[in-house]
Structure formats: C-alpha cells, structure tokens
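K.L.:
Quick note, the sequences are listed as chains G, R and U, same order.
Here the first sequence is numbered in this note's numbering, starting from 65 and rising by one per residue.
Here the second sequence is numbered in this note's numbering, starting from 24 and rising by one per residue.
Here the third sequence is numbered in this note's numbering, starting from 5 and rising by one per residue.
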Amino acid sequence: MYKRNVFIYLCAVACFIVLLAGCSGENAGKTISADNEAESELIYASAKDINDMNPHFYAGSMPAQGMVYESLIENTKEGIKPLLAESWEVSNDGKTYTFHLRKDVKFHDGEPFNAEAVKQNFDAVQANKEKHSWIKLSTKITGTNVVDEYTFELVLSEAYYPTLVELSMTRPYVFLSPKDFIDGGTKDGVNGYHGTGPYVLTEHKTDEKATFEANETYWGGAPKINKITSKVLPAGETTFLALQKGEINFIFTDDRGTDSIDVEAMNQLVDSGDYQLVKSEAMNTKMIVANSSKSDNPVSETAVREAIWHAIDRETITRDIFNGTEEAADTLFSANVNYAAVELKKRDYDLEAAKDSLEQAGWKLAEGSVRTKDGNPLAIKLYYDSNSSSQKTQAEYIQSSLKEVGIQLDIAGEESTSIANRRSTGDYDLLFNQTWGLAYDPQSTISAFTSESAYLHTTSGIANADELYDKIDEVMVSTDEDTRKSLYADIMKIVHDEAVFIPISNGRVTVVAPKNVNGISFKQTQFELPFEQMSFK
Amino acid sequence: MGSYIVKRLSLTVPLLFIISLLTFVLINLSPLDPAVVVLQAQEIPEITDELIAETRAELGMDKPFIIQYLNWALDCLRLDFGDSYVTGETVWSSIAPAFLNTLKLTFVSSVCIIVLSIALGVICALREGKIADRSIRGISFFLTAMPSYWLASIMIWYFSVKLDLLPTSGMDSYKSYILPVIVITVSYAGIYFRTVRSSMISNLNEDYVLYGRASGLSEKKITMHILRNSLQVAISIFCMAIPIILGSTVVIENVFAWPGLGRLSVKSILSRDFPIIQAYVLILAAAFVAFNTFSDIVNAAMNPKLRKDI
Amino acid sequence: MRTLKNLSRDRLAIASLIVIAITIVAGVFAPLFAPHDPAEVNMKLRYASSSWEYALGNDHLGRCILSRIIYGIRPSVLWVLVALILSVFIGAVIGFISGYFRGKTDAFLMRICDIMLSFPGYVMTLAVVGILGAGLENILIAFVVMKWAWFARVIRTSVMQYAEMNYVKFAKASGIGHWRIMVKHIIPVTFADIAVISSGSICSMILQISGLSFLGLGIQAPNAEWGMMLNEAREVMFSRPELMLAPGLAIILIVSAFNFVSDALQVALDPKLTTSNASLQEEEGKQPVYEYIRS
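(1) Residues in its own chain within less than 6 angstroms of Tyr206/G by CB, not counting five upstream and five downstream?
(2) Using the three-state DSSP reduction, which class does Asp647/G fall into: helix, strand or coil?
(3) What separation, rounded to the nearest whole angstrom, lies between the Cα atoms of Val158/U and Tyr171/U?
(4) Would you give the residue range spanned by the beta strand (DSSP E) that Pro578/G belongs to?
(5) At a CB-CB cut-off below 7 angstroms, which residues of chain G make contact with Thr191/R?
(6) Quick one: list the residues of chain R neighbouring Leu297/G, beta-carbon separation under 8 angstroms, in chain order.
(7) From this set, Gly152/R, Ile50/R, Ala119/R, Pro170/R, which residue's C-alpha is nearest Met248/U's C-alpha?
(8) Taking Ala123/G as the query, report the chain R residues whose CB atoms sit under 9 angstroms from its CB, ordered along the chain.
(9) Starting from Thr380/G, find everything on chain U with Cβ-Cβ shorter than 8 angstroms and list it in chain order.
(10) In whole angstroms, give me the CA-to-CA distance for Pro282/R and Tyr200/R.
(11) Whose C-beta lies closer than 7 angstroms to the C-beta of Ala58/R among residues of the same chain, with five residues either side of it excluded?
(12) Alpha carbon to alpha carbon, how far is Gly130/G from Ser454/G? Give it in angstroms, no decimals.
(13) Please confirm whether Tyr234/R has its beta-carbon closer than 8 angstroms to some beta-carbon of chain U.
(14) Return yes when the Cβ of Glu516/G is within less than 8 angstroms of the Cβ of Ser488/G, no when it is not.
(15) What are the residues in the stretch 236 to 255 of chain U lying within 9 angstroms of chain G by C-beta distance?
(16) Under 8 angstroms, Cβ to Cβ, is there at least one residue of chain U near Met169/R?
(17) Rounded to a whole number of angstroms, what is the C-alpha to C-alpha distance between Leu219/U and Phe147/U?
(18) Contact criterion: CB-CB distance below 8 angstroms. Does Pro42/U meet it with respect to chain G?
(19) Measuring only the C-alpha atoms, how far is Phe513/G from Phe397/G?
(20) Since Thr436/G and Lys428/G are thought to touch, with beta carbons under 8 angstroms apart, how far apart are those beta carbons, to the nearest angstrom?
(21) Residues of the stretch 216 to 227 of chain U in Cβ contact with chain G at a cutoff of 7 angstroms, in chain order, please.
(22) Quickly, what does DSSP pair Lys269/G with across the bridge? List them, please.
(23) Would you verify that the beta carbon of Ala30/U is, or is not, closer than 8 angstroms to some beta carbon of chain R?
(24) Any idea what DSSP makes of Gln590/G, helix, strand or coil?
(25) At what residues does the alpha helix (DSSP H) containing Ile205/G begin and finish?
(26) Quick one: what's got a C-beta closer than 7 angstroms to Leu102/R's C-beta in the same chain, skipping five residues either side?
(27) So which of Ser53/R, Lys185/R, Ser158/R, Ala96/R has the shortest CA-CA distance to Val308/G?
(28) When you compare each of Pro37/R, Ser318/R, Val304/R, Asn326/R to Ile50/R by their alpha carbons, which one comes out closest?
(29) Where do the ends of the beta strand (DSSP E) carrying Gly253/G lie?
(30) Can you list, in chain order, the residues of the stretch 146 to 176 of chain R whose Cβ is nearer than 8 angstroms to any Cβ on chain U?
(31) Can you check whether the C-beta of Glu370/G is within less than 8 angstroms of a C-beta belonging to chain U?
(32) What would DSSP say about Lys86/R, mapped onto helix, strand or coil?
(33) Ends of the beta strand (DSSP E) at Gly134/U?
(34) Does the stretch 79 to 94 of chain U come into contact with the stretch 55 to 64 of chain U, if we say contact requires no fewer than three beta-carbon pairs (one atom in each stretch) closer than 8 angstroms?
(35) Looking at C-alpha atoms only, which residue of Ala308/R, Leu287/R, Val321/R, Pro327/R is the closest neighbour of Ala119/R?
(36) Would a check of beta-carbon distances place Ser162/U closer than 8 angstroms to chain R?
Spelled out as structure tokens, the structure:
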C-alpha cells in the first residue's frame, strides 16, 4: 500500500529541488525595482532599534542621534568648522573657550537655542560625570558660563588640546531642548527628543521602526529628503531581500562597523541597475582586541598575542572575505592618521614565527593539536558580533589558522551590546573592535586606553602600563607639537610591541542607496551620515 | 461542571507556584551577579566591593532565598519583571507588545491549522486507503520532515522576491501574516490532520455507526454524528496546539523579522539580557498552563466522563 | 517477532531503516567516509562548485561540504539519539515503576511529570541555552530534562496495559518476583511501544536542534552541523541557493526516514491493520499532541 506513497513522496521532493534549482539561474538578472517607493523617502535597515535617543547617554543609535542633535562645532576634513557656534575663541592659557552661538536656531519643540540652553545641556552632561569618563574633556570642565544670550563660555581646569574635537562628537556634548529635561537634568531619562538637527523624530515603534521627518525650520535650510525611516531588520538575507523588493532602499555601515549585507550581495544590487554603492575613504582600523589583564588566560602573555598576530593572514581576509574592498592593516593606526607615521616593527603573516614565539614562551606541543604549558591548554575565546557575517567568517578563518600553530580558538557570536559590555567589564579574551575613526584617531582611541568602558582591560595587563598611562595623560595636556609627536610615537610603540591591538584591515563606511539619490557624502566619523545633503534626482 | 472548573483551576495554583520557583532558581544559576550587572548597566566606571554590597542590599539580595523569591514573585504578579540590562527600560514595556504580536500570529495560524487539518482529515478518513488519502499522507510526511526555516526561506524567495506579491518580513499589514502563517500551518497541519484522520477512522468503525447503517439511518445523519465526535478530539488537540505553537514560533519569527516574543528572546539570549529571558520563560510557561487548563475544561464540558478524572 | 515480520513486508520502512543505518554508520565512522577534513579551510576554493575532488562543492571558507555533511551527522543525529536514549531510559525507569507498582508512588511520580509537562519544551530549551550559554551540550541537557516526563507518561500507560494482562496476573499469583516479571514479561512487550514513541520524537528533536543551530544558539564553529550549515548558506541564499540544498535535504531525508519507520512500526504493531484497514492508532493521535514541537 505504500508503493504509491513512495512515488508521490519522491515526486514532491523532486518538485522542490527543481523549484530551488530554478531559483539560482534566474535571480541574478531580476531585481525588483526600488522605484515604486515614495520618491522622497529613504528607508534604511538597521539590525537594532534606535533605542534610547537621550543624547547624553550611549544606548541610542548614533546615526539616528546624528540626524536629530547637533554639536557646537563640526570636525571636517579641513579641520574644525562652525556648526551651532558661529565662531569661538580660545584664551592664551588654553583654559577658556568662548563660543558665539548662531541666533537663528530653535529646538524642534520651538524652544530657542541660546547660551542658557547650552549651559543647561553641559551641566546635565557633567552631572553624570562617571558615565563620560572616557571623554577626558568631561574631567577637565570646571565652569560653564552664560556670558550673554548668545555667548557661552567653557572653563577648563587645564589646557586640553583635543577639546574642540571632543566637543564635535556625536555625543554627549550635543543639545536637547531643556523642556525635555527631567528635574533639570537628563541622567534620569528625558521627556522627549527635541534636538536642533535637520530631522525630527516623529514616530518610534520599538523593535519595528522609527520615522524621522525633515525639520522644515532647520537653520541650514530644510533638508531635501522629507522622510527617513529606520527599519529594524535582521542582517543578512532578510535585509538583502527587502532591498531587492524596495521595502527598504538604503543601508550603510552601522555604528559598530557592521555591514548588514556582504560585499557580494552589494555588488549584486549594483549590477541590478537600481542601486549605487558609495564608499568612504578608509576611516578606521578593524582589529582584534586582546585582554592583557586576564591573567588566568594565555592571552595575557605578549608572546601568545604576537603569535596570534603572526598567524592571521590579512591578505587573504581582505581579498577573499572583503572581496578586495578593504586593505590589510599592519598597525593600529594607518600612516595617514595624525601623529601615526611611526616606525613600527611589521609582523607579517608567518606561521613559523608564530610557532617560534609560542615555543619560546613555553607553550609546547605534546599530544593532540593544542599546545599546553604546565598542563593548561592554549585555549582562547573570541567574541564576534552575531549581526555581522564578515566578522563570523573572519573568526572562523582565524580559528583555522590558529589551529595550525596549536592555539585552540573558540568563537562565540553575541549582540553588539553584549560585546560592548564584555569590553567594559573585561569578561573576554579576544573580541572584534574598531578604532574610533578619522576624526577621533588617534587622540580619542588612545585616551580610551585608560577608560574602563573602553580599553582599560586591554591595556592594563601589559608590563609598562603605568608608563603608558602617564604618557597618555601627558600628551593630552601638552601644548607643544613636538612633545606630542614623540609622546604619541612612544604610546603607539608600547601598544604595538605588546600586541594588544591586533589590526586586520582598514574599514570604510559603505552606503547602498537608490541610483537616483545625489549628494551622498561622508563625515569624518563613521558614526553619522549627512542625510541632509542628500536629494533625489 | 461548576465544581469541576473550580477544582481544575485550583490545580493550576500550585503548578504556577512551582513554575515560578523553578524559573527563579534557573535564573539564579546564571554565572553573573545581578548586582554587578546592574552597576554595569548604569555604566559605573569603578565597581568596588562596597558598591556591590550596597547594590545587593538595595536589590534585596542579602535576604534569605525564600524572601527574595517572594518579593520577586509579588513583583511579577504586578507585571513588574525588573529592568532590561540592555536598554534599562522595564521588561514589561518590551515584552508586552512582543507577546501581543506573537499571540496574533499564533491565533491566526491555529485557525488555519484547524480548518486545514479538519478538511484534510475528513477527506482522508472518508477516502481511506484511496489515492487521495495516500497522497495527502505522503505529502504530509514530506512537509513535516522539512525544517520550517528552510521552507520559509524558499517561500520568501518565491512569493516575495520573484512574484513580488508579499512583503519579505516585518509586520506592516495583513499581507505580512500570509507567509509566516502558511509556513506554520504547513509545518503543523501535517501532524494534526493525521490525528483528525485517525480519530475519524476509529469513529467510522464504532458500533453505533454500524448499527446506524444497519437500522437504515441516512448517511448524512451518520456523518454528522461522526463529525460531532471527531470535533471533540479536534478541539482538545487544538487547545494543546496553541501553546505549543506559541512557544515554537521562535525560528519563524526570526526568519520573518516578526517583532514577537521569539525574536525578542533570541536577541536577549545573544545579549545576555537575563531579566527578559526570565520574563519570557515565566510568561510562556504561564500561558502554557492557562491554555492547558482551558483545554481540559473545554474537553470536560464536551465529555462528562472526563470530569471525574481529577 | 511478528512485529519484525510485519515490518519486513513494508518496503518503504525497510528503505527507511537502511537510510537510518547508513546515516548512523557514516556518522560513527565519519573519518573513514569523509573525503576531507571538515575543518580544513582553503580560501582559494571559497564557494567553489562541485568537482571530482569536492563532490558537493565548498562553503564560505572553502571547506568540503560533503565532509561537513558527513561529520554533521554526529551532532545532528547521533548526539540527538544519545539524548533520546537517555531520556527514554529515565522515562522508562520511572514509567515502569509507576505503571507497575501504582498507588502512591505512581501518583507522586505522575505529579512530577505533570509539572515537567506543563513547561513548554521549546521555551525551556531556549531558557537553558539563554542561561548556560549557546552550545550543543546545553541543548541536549535541556532535551533530556524536558522529555523524560513525556516518555514516563507513555511508558506507564503501556506498562499498565500489559500488567493487567492475564499472563502477568498469573505470574504474580504464582509468586514470581517483581523484577523477574518486569524483565521477562513486561519489558519485551513494551519495548515495541517505546520504539514507536522514540522514533516519532526523534524527528522533532532533530528538527529542533537544527533550528536552534540555525539561530546560532546551537553547536559552535568550527564543528559542522546541518542547521548551522543552513544558517551559513542562508547568508548567500540568493546568489548561491545550491548551498541550501545539501544540508536541507539531509535533514528532510533522515527525518522522513524516522517518520516512515515510526509509522510503519505502528502499523506493524497493530495486528488489526494487517487484516483490515481499520486503524485504531491511538499513539498516532496522542503522540503529536504533546510531542511534536517543531522547529
């Protein structure tokens, strides 16, 4: 009685195989046009919700905050430029900054933007100092004064050369309407998200989408694209499909350096003729961060970290995993970063060198494929962002390379928030990370070496950590260019020799947008995009 | 009947108690110290032992275990499941809308499963052993053996991308329901229709059917009779099916980016957001108990014999 | 014996059994069957299509897909079998005790089963993974913890049924010890029932474990697992759909095989079905209700 059953069953299987096989042949050419979307709307995919948009906290999505809030000044390729402040003066001792504010700026709720509002925002940030300790500026501010309605004065305890750069960051020194404050501050949450930026947050459905509409009264002129929606979609093929279908029409590298679709999928979209691919110049260094302070793990040994460095084949990673869109990086900062033109010993891909380094450090290969020392196996765990397919592939690839030199690398994918949490608590051996990016390198990344929420655990286990921290403190307050140069050179040499930051490639910000969008450009930071400059043809 | 309901409901109380206790114990097995996690969530740069002790006291963690449990359980009854480690917002504010979305998907799918499996079950039972029966059964074996995410991916590709008929993901309009519901229905109908079929067949062979036929009752009346009996089986199955589907939409929600509990839970697991995982387990276990109780009561209402069985 | 004889008449069941046997053998002796090391990375062969050397082509790291499928049998099928055997064993012990001795022991054990069964399986598996972290062992632990109660229930019913049989009653009356009665008269007859429920529930377990691996909560790299292979293939599903085929079909094949065996076992066990078409398959009805939690 089953004979026929078998037959029918087999037929059904065959049908599916044919269906599936059919898919492969035709889909390359056919992509559903994105044109049927509203002409003046951008919908971008994001693996995460925009989250808490309070600009004085760190939970929110940075590109979204960048649309809504603005800082006093802007960091551009040509240096610091005015934004909400038209001009500024720095006192001779470098301790007092006076900002002359624009007079035509209003918050989204109609409140005037003036020196009083600036002061309130600064005070709100300073009231929650511990949170901002990674920005050294927050530890130097001693006074915030309203000089007149449109003049604001910032007083520091000592001269601090990256002041302007840190004021230009996406957060926390940006401005929220004081009307949204709770109890005169922002540290216990806020009532609304009214900034001064080109876009207004009009709708937010947690874990579904957030809508931003053009600020018609924006002081720089209303942006041409009326509506921008951030849609929460799982990275990978869901996002790719949604792009093909036109349900979304925009993606970009997110604030954790993760692309939501892989290079090949991007190329496929471009080939379809509906999309364009725009890449920024190299912005940062993607790297693996090693926890030198984890003394019970082999990763706390310099020799092991060096071995890992030697065992990573950057050429293959950039060529095959990134399809040649990124360049291999051999140092923490690429040479075009300020102060980074330093002679450092290059560590090539060299499995023999890796093995030598491990042998010398006492990690011997007795039986099996994992080296041991005093009975402890050479086992290390690497965390990657579960939303990034390229990180996972890199992790697997590095895993197999390390196996060859006798290191057992376990890999685990987690959400980026969890990884950030591990970084700040030191609960990791290795994790993927990236430098802060052009505008912030090297000073912000380097000052983050001393910050618990960033790389303190990475650096605190190295032999001359104290010397390193002293030099970092020194460089931030030094006013002499040559001293700075030599201090930075020393700092970079120390972390390079200790191999705590293992560089992989130089990352870029990548945008996939409909073909008819003009004016796609980049800021000096990987955390924001200038949406207000874009328009439809 | 009234006393049965009271008895049955009273049974759920100890059950819920044990469930909540187990959930509480389970979460306490986690290697992380909640006090430390709370401090980290507040991004306190220097976490000292004093600070940890202080926070432990604040959280009531210095009290005996049973008091901790009671405090927690009372909070849960007020729907206060604590704050998410990741967003800092209350767990309820993220879990409530997600739960609603999952419920919507579950109910729509369950209705489809009921309709489809009854229809197929009846057809197969009446045509037992014939081609229709055998082919439906054969296909159902194939469909139930298929990983649902695999089927889902193919469906998305075919219906959303190739034919451009339906959205690929999300929950924007009634159209968004179609694909996930089809996938869930296909995965489960194959199982449940077999149940309907076998209960129909056993009914067909019951004595009353034979007697009825022998004494000249019309076929229509007999069929109605059989249907009524089978319906009972069907209802009991579907009451059971709802909580099972509720708990197992995880994969489907992730494939279709459905903003429901399944997706929330996987996200929370990957970001180690324990309060959300805890609330998720508790809410679904409670829902499971509730649906099971409901199905028992419905069954008892239809079949008085079952009422003694408690 | 009659069961086996009945079964042997069913060619589909024989075919399914052969598939299962081959799968198990291939899994156990994976190093002999696999043409390559499943973890051997070769970026030059990234996404290479099938060739003489690599029959099913290569994956995103240039690893041999065929070898990975073969090694994938271990977590996807063999470990699931181990978990199944464990939970059946626990369930059987408890089921025998409560079904045979009845009374208070029975009531107590069944209450515990009720509690275990009132937890939704999938949710608890997720909870265990959530707390102990992703990984194959944790899922398997969760399986054993969640499933034994269900087996205990079914086995108890079947033991009770046989314990009521006249020959068992006779044995009891003639003063044969409990242990002997169980071993000689009850275990052999309930064994068939156990086979039916196990073969049925392994399907759902295989699907579940692949589903969890698909979500990235199961086995961790570089180990090969079918669900994880599908997850990797999904990344490039629309440029290289063929990568979805092999692991997907592997799952379908093995699950269908278990499905057919389970079905055939039921038919073979029920003598009525060999003479007439009247199917009174209660198991078929009951089993899916509790047990079938799909991925």
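The beta-carbon is built from N, C-alpha and C at its ideal position, and this holds for glycine as well.
Please read all numbers here as calculations on a predicted model, not as lab measurements.
P.N.:
The structure says:
(1) Correcting the residue identity first, residue 206/G is Thr in this sequence and not Tyr. Excluding sequence neighbours, Thr206/G sits near Val219, Ser221.
(2) Not covered by the structure: residue 647/G. The range shown for chain G is 65 to 601.
(3) 22 angstroms
(4) 574 to 578
(5) Thr302, Leu305, Ala306, Lys309, Glu311
(6) Ser192, Gly193, Ala280
(7) Pro170/R
(8) Val109, Thr110, Gly111
(9) Met47
(10) 12 angstroms
(11) Ile75, Thr78, Arg79, Leu82, Met84
(12) 26 angstroms
(13) no
(14) yes
(15) Glu236, Arg238, Glu239, Val240, Met241, Phe242, Ser243, Arg244, Pro245, Glu246, Met248, Leu249, Gly252, Leu253
(16) yes
(17) 17 angstroms
(18) no
(19) 14 angstroms
(20) 7 angstroms
(21) Gly220, Gln224, Ala225, Pro226
(22) Lys273/G
(23) no
(24) coil
(25) Run containing Ile205/G: none in the alpha helix (DSSP H); it sits in the beta strand (DSSP E), 205 to 212.
(26) Trp115
(27) The sequence shown places Gln at residue 308/G, rather than the Val named in the question. Closest option to Gln308/G, Cα to Cα, is Lys185/R.
(28) Val304/R
(29) 249 to 254
(30) Glu151, Gly152, Phe164, Phe165, Thr167, Ala168, Met169, Pro170, Ser171, Tyr172, Trp173, Ser176
(31) no
(32) coil
(33) First-last for Gly134/U: 125 to 136, but that is the alpha helix (DSSP H), not the beta strand (DSSP E).
(34) no
(35) Leu287/R
(36) no
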